[in-house]
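S.K.: Pasting in a structure now, in C-alpha cells, and then I'll have a few things to ask.
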Amino acid sequence: MFELFRRCSLLLPLMAGLVLAENAPAANVLAEGDASGAGSPMDEVAIEAAAGADARRDNVRGDETFQATYACADPSGNAPILCKGRISQLLPELLFSLSWHMDEFGDRVVGKVEIAREGEAEPFQIIEDAGSRAAEAIPANGFELIDMNFDGYHDLRLIAEGTAGPNVLYRNWLWLQDQQRFAANAALDEIVSPEFDPDTQEIVSRWRSSAAEGGVDIYAWEEGVPVLIHRETDRYAGPSDCTRIFYDRIDGELLETGTGACG
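Here is the structure:
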C-alpha cells in the first residue's frame with residue numbers, strides 16, 4: 001500500500017485551520033471593578049499563569065522550533081488517502097494511509113489509519129477506529145501534524161465531526177517519543193476548535209453555545225491532561241447589551257473573578 005507514495009508525483013498542500021476563527025490568543029482584559037495596581041486578585045492570577053507557562057517551557061523534550069511539513073494526495077477511486085510528513089527533524093518522514101468510505105449522509109468517514117516510516121514497507125502502528133467524519137469537500141478529513149502538547153514533537157489530528165457554527169471537534173493522537181507511537185487523548189478530544197499557542201504553551205478554544213452566548217476557554221497541560229485555567233463568556237441580552245464574565249482557576253477550582261463590557 002505504501003508503495004503508492006513513491007509513485008505519487010504531486011501532493012496537494014493541506015488546508016489547515018479549517019473553520020477556526022482568529023489565530024490571536026484571547027485578549028487579556030481586567031475584570032470591571034478590580035484594582036489595576038499590583039497586588040490585585042487579577043494581577044496575582046496573571047503572575048501565576050506566567051510562571052506556569054515558563055515552567056511548562058522548561059519541560060520541552062524535542063525541538064519546539066521545528067515546523068512540520070505535510071501533504072496529502074487526493075485518493076483515486078476508493079483507494080486510501082495518502083499523506084506524508086515529518087513530526088521531528090530527527091525522525092524519518094512518516095507515511096499515513098487513511099482508509100475511508102462515504103456514509104449515507106454524504107460524509108467521508110475515515111476508519112483505519114496505517115502509519116509507516118519512510119523506506120519501510122510495513123506500518124509500525126495501525127489505528128483501527130479513527131472515528132473521523134467530515135464533508136467530502138474537506139481535504140483528507142482535516143489531517144494535520146501539529147505540536148499540540150508543546151513537547152517539541154508534532155502530533156496527529158483529524159476532524160471528528162463538523163457541527164453548525166464555530167464548534168469543531170477533533171480526534172487527537174499525541175506522539176510518545178519513548179514508545180515511538182501515537183496515543184489518543186480523550187480529554188483533548190473534548191475541546192472544541194482548539195488553537196495551540198507555542199509562545200504561552202496554552203490551548204485556546206473559541207466556542208458558541210447559542211446565539212446569545214459564546215466565549216473563549218484557555219487550557220494548560222498538567223501531567224498529560226489539558227486543564228481549563230481561564231474562561232471569558234459573553235452573554236447578550238440585546239444587540240448592544242453584552243456582559244463578559246471572567247473565570248480563573250484558583251486552588252484547583254474554576255471561579256468567577258469579575259465582569260465587564262464585551263470587547
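Quick note on numbering: the sequence shown equals residues 1 to 263 in the numbering used here.
Glycine included, every Cβ here is placed at the ideal spot set by N, Cα and C.
Span of the beta strand (DSSP E) holding Asp241?
M.R.: Within the sequence shown, numbered from 1, the residue matching residue 241 stands at position 241. Asp241 to Ile250 is the span of the beta strand (DSSP E), which, as asked, contains Asp241.
S.K.: Measure how close the beta-carbons of Asn141 and Ile159 come, nearest whole angstrom, since I'm counting them as under 8 Å.
M.R.: Indexing the sequence shown from 1 puts residue 141 at position 141. Indexing the sequence shown from 1 puts residue 159 at position 159. About 5 Å separates the beta carbons of Asn141 and Ile159, which is inside the 8 Å limit, making them a contact pair.
S.K.: Within its chain, find whatever has a CB closer than 7 Å to the CB of Leu156; leave out the 5 residues flanking it on each side and keep chain order.
M.R.: Along the sequence shown, one-based indexing puts residue 156 at 156. Leu145, Trp173 and Phe182, listed in sequence order.
S.K.: Considering only the alpha carbon of each residue, which of Glu232, Tyr219 and Thr200 lies closest to Ser209?
M.R.: As a first step, residue 209 is located in the sequence shown; it is residue number 209 there, counting from the start. Selected option, being the one with the closest Cα: Glu232.
S.K.: Mapping DSSP to helix, strand and coil, what is Ala79?
M.R.: In the sequence shown, counting from the first residue as 1, residue 79 sits at position 79. Looking at Ala79 - three-state DSSP - the assignment turns out to be coil, as it is neither helix nor strand.
S.K.: Ala130 and Pro123 look like a contact to me (Cβ under 8 Å); what is the Cβ gap, rounded to whole Å?
M.R.: Within the sequence shown, the letter at position 130 stands for residue 130. Within the sequence shown, the letter at position 123 stands for residue 123. With a Cβ gap of about 14 Å, Ala130 and Pro123 do not count as contacting.
S.K.: Is it buried or exposed, Glu136, if we count other Cβ atoms within 10 angstroms and call 16 or more buried?
M.R.: Within the sequence shown, residue 136 is the residue found at index 136, counting from 1. Exposed.
S.K.: Check Gly263 in the structure and name its three-state DSSP category.
M.R.: In the sequence shown, residue 263 corresponds to position 263, counting from 1. The answer is coil: DSSP assigns Gly263 none of H, G, I, E or B.
S.K.: According to DSSP, is Asn172 part of a helix, a strand, or is it coil?
M.R.: Here residue 172 refers to the residue found at position 172 of the sequence shown. Reduced to three states, the DSSP call for Asn172 is strand.
S.K.: Could you check where the alpha helix (DSSP H) with Asp74 kicks off and where it finishes?
M.R.: On the sequence shown, position 74 is the one that residue 74 refers to. Unbroken run through Asp74: none, as it is neither H nor E.
S.K.: Flag this pair as yes or no: are the beta carbons of Val204 and Ile218 separated by less than 7 Å?
M.R.: In the sequence shown, the residue the question calls residue 204 occupies position 204. In the sequence shown, the residue the question calls residue 218 occupies position 218. Yes. Within cutoff.
S.K.: Specify the secondary structure class of Pro139 as computed by DSSP and reduced to three states.
M.R.: Looking up residue 139 in the sequence shown gives position 139. Three-state result, Pro139: helix.
S.K.: Do His101 and Val113 have their CB atoms nearer than 7 Å?
M.R.: For the purposes of this step, residue 101 is identified with residue 101 of the sequence shown, where counting begins at 1. For the purposes of this step, residue 113 is identified with residue 113 of the sequence shown, where counting begins at 1. No, they are not a contact pair.
S.K.: What's the C-alpha gap between Ala71 and Pro139?
M.R.: In the sequence shown, the residue the question calls residue 71 occupies position 71. In the sequence shown, the residue the question calls residue 139 occupies position 139. Distance between the alpha carbons of Ala71 and Pro139 is about 10 Å.
S.K.: Does the separation of the CB atoms of Asn167 and Trp207 fall below 7 Å?
M.R.: One-based indexing of the sequence shown puts residue 167 at position 167. One-based indexing of the sequence shown puts residue 207 at position 207. Result yes, Cβ atoms of Asn167 and Trp207 sit closer than 7 Å.
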